[in-house]
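For the sequence shown, the working numbering begins at 1 and goes up steadily by one. Right, one structure below, let's go through it.
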Amino acid sequence: MKKLLYHFAILFTCIVSAQQEFSYGLVIGNSFYTIANNNGTNGMNTDDYSTITFGGYGEYNFNEKTGIKTEILFAKNNFTYYPTKQLFEMSIMSIAPNFKYDFGETYREGIYLLAGPKLAFITSVKSEGEDAKDSFETFNFGAQLGFGWRILKFIDIQTKLDYELTPFFKLNNGNKSNFFGAVISANIDLSRLLSNN
């Protein structure tokens, strides 16, 4: 019985310790985007340059300065194909595991830097009420660079530049289109809010 209690105490200590290093929360923000075309006037162009972005994040700190912050975000981009002026509505889920360097005295305090890859998955594309997903590349790889600042005990304000290295649309003649832009968001640290630490 003593051995069982001893093992339980060790397990409990490990869980509590891990919880202090791991946090999670909500992301609510706005994505500002445009489209880079290498094909002149025949390409994709944005009609609305911003869209609501929402999702969640998980964050693990290795020490007092460094950690990994992974976001899963959902957004809807609208754009038009010229010269036909065909409108598309694209739903995107992105996963961004970013390296984080914190300039504060302790982790999750003050200003921090973010950098890392972004994996974008096109979940649906509609045009004139019809499914148009087959006309696009459904997986895109990109890169992000940004910074943030913990302004309250459990709220971060964050900005990240975002560029997709692979095109979401391409033709056999080499013409292609890539998204690039920025995401400005508020990150609400639910783990700290719920624990009142």
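Using N, Cα and C, we set each Cβ at its ideal position, and we do this for glycine too. Quick caveat: nothing in here was measured; it's all calculated off a predicted structure.
Three or more beta-carbon pairs drawn from the region 67 to 82 and the region 25 to 34 are found closer than 8 angstroms, and the two stretches are therefore classed as touching. Where Leu119 is concerned, there is no enclosing alpha helix (DSSP H), although the beta strand (DSSP E) around it starts and stops at Ile111 to Ser127. In the structure shown, Lys153 falls within a coil segment according to DSSP collapsed to helix, strand and coil. Between the alpha carbons of Ser50 and Ile151 lies a distance of about 24 angstroms. Around the beta-carbon of Pro83, fewer than 16 other beta-carbon atoms lie within 10 Å, marking it exposed. The residue from Glu164, Phe88, Gly25 and Glu89 with its alpha-carbon nearest to that of Phe54 is Gly25.
Boundaries cannot be given for Leu165, as no beta strand (DSSP E) includes it and DSSP labels it neither H nor E. Three or more beta-carbon pairs drawn from the region 105 to 120 and the region 57 to 71 are found closer than 8 angstroms, and the two stretches are therefore classed as touching. Lys100 and Leu194 have their C-alpha atoms some 23 angstroms from each other. A straight-line Cα-Cα distance of about 17 angstroms links Asp134 and Met93.
Glu64 sits in coil when the DSSP states are folded into three classes, being neither helix nor strand. Exclusion of the five residues before and after Asp162 leaves Lys118, Gly142, Gln144, Phe180, Gly181, Ala182 and Val183 as the residues of its chain whose Cβ lies within less than 7 angstroms of its Cβ. Arg192 and Ser23 have their C-alpha atoms spaced approximately 7 angstroms apart. Taking 3 residues as the minimum length, the beta strand (DSSP E) runs contained wholly in the region 80 to 105 are 86 to 102, in order along the chain. Comparing C-alpha distances from Phe168 to each of Asn77, Glu64, Gly56 and Glu128 shows the shortest one belongs to Asn77.
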